[in-house]
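Counting with my numbering, you get residues 4 to 197 for the letters of the sequence shown. All residues carry an ideal CB built from backbone N, CA and C; glycine is no exception.
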Amino acid sequence: MTISLYLHASAGAYSQNSIPSPVAGKRCKYAGQSVRALPIRVITVGKKRSLGVQLVVDEYIGKLKYYCKVEDVQLRSNPKNTGDVKAQIKDEDMAVMNIISSDDWVWVVMLDENGLDIGSEQMAELMGDAGSTGASRISFCIGGPYGHGPKMRERANISIKLSSMVLNHQIALLVLVEQLYRSWTILKGQNYHH
């Protein structure tokens with residue numbers, strides 16, 4: 004069984020890549036090979052982070068910097084302080100899209116509770132596949148309290164979920180940065196993942 008990924012090219016065309024479904028004992032196809040290290044941008048929409056969460060995020064970003072450049076972008080949820088949920092989603096959507104559109108060609112991974120359910124080996128393959136697309140950066144986007152807006156949903160190259168359970172934004176961020184670090188150790192054939 005294979006999970007199909009559709010990569011959105013800058014011209015609007017779609018090409019199809021696939022990531023194999025989890026198989027017990029299967030290794031990442033890129034493990035131990037040379038992989039193009041795209042700069043990573045993690046974009047989160049939400050309230051100010053707790054000090055404990057920020058410490059852990061900083062620790063993993065520090066570890067990731069041995070493999071690639073990493074940028075952590077925090078956007079305030081409900082920037083116009085509106086009581087209208089649709090207006091809030093629209094404002095957050097525009098703020099995220101302004102950051103994404105500042106790059107030449109960025110490969111966008113949307114984190115969403117309805118996204119593809121992938122494992123750590125598949126996340127490593129996603130990182131390896133993204134490096135071969137010609138993109139200038141890979142951006143991981145964690146939406147606001149009401150999720151992502153329509154522009155983000157249309158722009159995303161792929162939508163993944165970190166868990167079958169709904170996670171608050173701070174927990175989702177912690178899981179994401181740990182999985183990004185784990186992905187790089189898998190790609191480099193290091194002993195962190197077993």
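Distance, Cα to Cα, residue i vs residue j?
| i | j | result |
| --- | --- | --- |
| T188 | Q125 | 13 Å |
| R39 | K191 | 12 Å |
| D94 | N194 | 43 Å |
| D75 | L41 | 14 Å |
| S24 | M113 | Residue confidence is low: S24 scores 43 on pLDDT, short of 50, so the model does not pin down where it sits. No coordinate-derived value is stated. |
| M168 | V99 | 24 Å |
| E181 | L67 | 9 Å |
| A159 | Y149 | 17 Å |
| K164 | H151 | 13 Å |
| D96 | K154 | 7 Å |
| A133 | S53 | 31 Å |
| R185 | E116 | 21 Å |
| I92 | C71 | 31 Å |
Hey, quick one: how far does the alpha helix (DSSP H) through residue i stretch, first residue to last?
| i | result |
| --- | --- |
| Q125 | 123-134 |
| G147 | Looking at the DSSP string, G147 is not in any alpha helix (DSSP H), and its letter there is neither H nor E. |
| V60 | 54-67 |
| K51 | K51 -> no alpha helix (DSSP H), and no H or E assigned at all. |
Helix, strand or coil for residue i per DSSP?
| i | result |
| --- | --- |
| L114 | strand |
| D77 | Looking at the sequence provided, one finds Gln at residue 77 rather than Asp. DSSP places Q77 in strand when its eight states are reduced to three. |
| T85 | coil |
| L119 | strand |
| K72 | coil |
| V109 | strand |
| S139 | coil |
Using the beta-carbon count (16 or more within 10 Å), is residue i buried or exposed?
| i | result |
| --- | --- |
| Y69 | exposed |
| G49 | buried |
| S135 | exposed |
| L183 | buried |
| W110 | buried |
| L58 | exposed |
| N81 | buried |
| S166 | exposed |
| E128 | buried |
Taking the continuous beta strand (DSSP E) assigned at residue i, which residues delimit it?
| i | result |
| --- | --- |
| V38 | No beta strand (DSSP E) contains V38, which DSSP labels as neither H nor E. |
| K164 | 161-164 |
| V169 | Looking at the DSSP string, V169 is not in any beta strand (DSSP E), and its letter there is neither H nor E. |
Notebook entry, point to check: For the region 80-93 against the region 118-136, are there 3 or more C-beta pairs whose distance is under 8 Å?
Noted result: no
Notebook entry, point to check: Does the region 137-147 come close enough to the region 44-56 that 3 or more CB-CB pairs lie under 8 Å?
Noted result: yes
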